[in-house]
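Asks:
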Amino acid sequence: MKLISTKICKTGDIGVNDNLFGGIMLAWLDEAGGIMAANVCCDHNVITLKMDEVLFKHPVKVKEQIRIYGKVEKMGKTSVSLYLEARRANLKDKSEEVVCSTEMVFVRVDPAGKPVPIKVCL
Ligand SMILES: CC(C)(COP(=O)(O)OP(=O)(O)OC[C@H]1O[C@@H](n2cnc3c(N)ncnc32)[C@H](O)[C@@H]1OP(=O)(O)O)[C@@H](O)C(=O)NCCC(=O)NCCS
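Note that this note's numbering has the sequence shown beginning at 7, numbered continuously upward.
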C-alpha cells in the first residue's frame, strides 16, 4: 500500500471521551482518498461517491501520528475504488497499528459535475 498522508491528533481534534473525534478521522480518510483518486485519475476533479463501513478499532490520543495508506481496488470507466487504512505510528519501536479502514469510491467529473471517463496518464 502507498502512504498518502500523515496527520497528528491535536487537542482540538478530541471528542468528549478524550479520543480523536470520529468525524475528524472520516474527514482525513476522505481527504486522503481524494488525493489518491486525483493522482490515479490525473485530474483534480474527482468527487466522493461512497464510503463503506468504517470500524474504529482502536482509540487515537493527542500527539499520536496517523498515517493513511491506500491502494486501488478497481478502476472503472468513470470511477475508482480504493481501500484505505489509517495506522497509528509507534515512534519508539517504529511499528504501526491499524486503527480503522474502509473502502471508498471516487468519480471523475467534468466542470458541471457529471461523470466523465478517467484518463490514463501513467
Ligand atoms: C458522483 C456523481 C457525480 C455520480 O453521478 P451519477 O449520475 O450517480 O453517476 P453514474 O450512475 O453514471 O455512476 C458513476 C460511476 O459511479 C459508479 N457507482 C454508482 N453507484 C455506485 C455505488 N453504489 N457503488 C459503487 N459505485 C457506484 C458507477 O458504476 C459509475 O462508475 P463506472 O463509470 O466506473 O462504471 C453524483 O452522484 C454526485 O454528484 N454525488 C454527490 C457527490 C458529492 O457531493 N460528494 C461529496 C460528499 S457530500
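Glycine included, C-beta positions come from ideal geometry on N, C-alpha and C. From a predicted model like this one, the values you see are computed outputs, not experimental measurements.
Which residues bound the alpha helix (DSSP H) around A33?
Replies: Element bounds for A33: G28 to C47.
Asks: Provide the residue(s) that pair with V126 in DSSP beta bridges, ordered along the chain.
Replies: BP columns for V126 are empty, so no partner.
Asks: Given a cut-off of 7 angstroms, decide if I10 and A38 are closer than it, judged by their beta-carbon atoms.
Replies: Against a cut-off of 7 angstroms, the Cβ pair of I10 and A38 comes out as a contact.
Asks: Is the stretch 16-28 in contact with the stretch 74-90, if contact means three or more CB pairs nearer than 8 angstroms?
Replies: Too few Cβ pairs lie closer than 8 angstroms, so no.
Asks: Ligand 2 heavy atoms versus the CB of I53: any closer than 6 angstroms?
Replies: Ligands displayed in this structure: ligand 1; ligand 2 is not among them.
Asks: Do you know offhand how far L61's Cα is from M31's?
Replies: Distance between the alpha carbons of L61 and M31: 11 angstroms.
Asks: Span of the beta strand (DSSP E) holding I53?
Replies: Element bounds for I53: V52 to M57.
Asks: For P121 versus V113, is the C-beta distance shorter than 7 angstroms?
Replies: The answer is yes: Cβ separation under 7 angstroms.
Asks: Measuring straight from C-alpha to C-alpha, what distance separates K67 and L26?
Replies: Roughly 6 angstroms between the two C-alpha positions.
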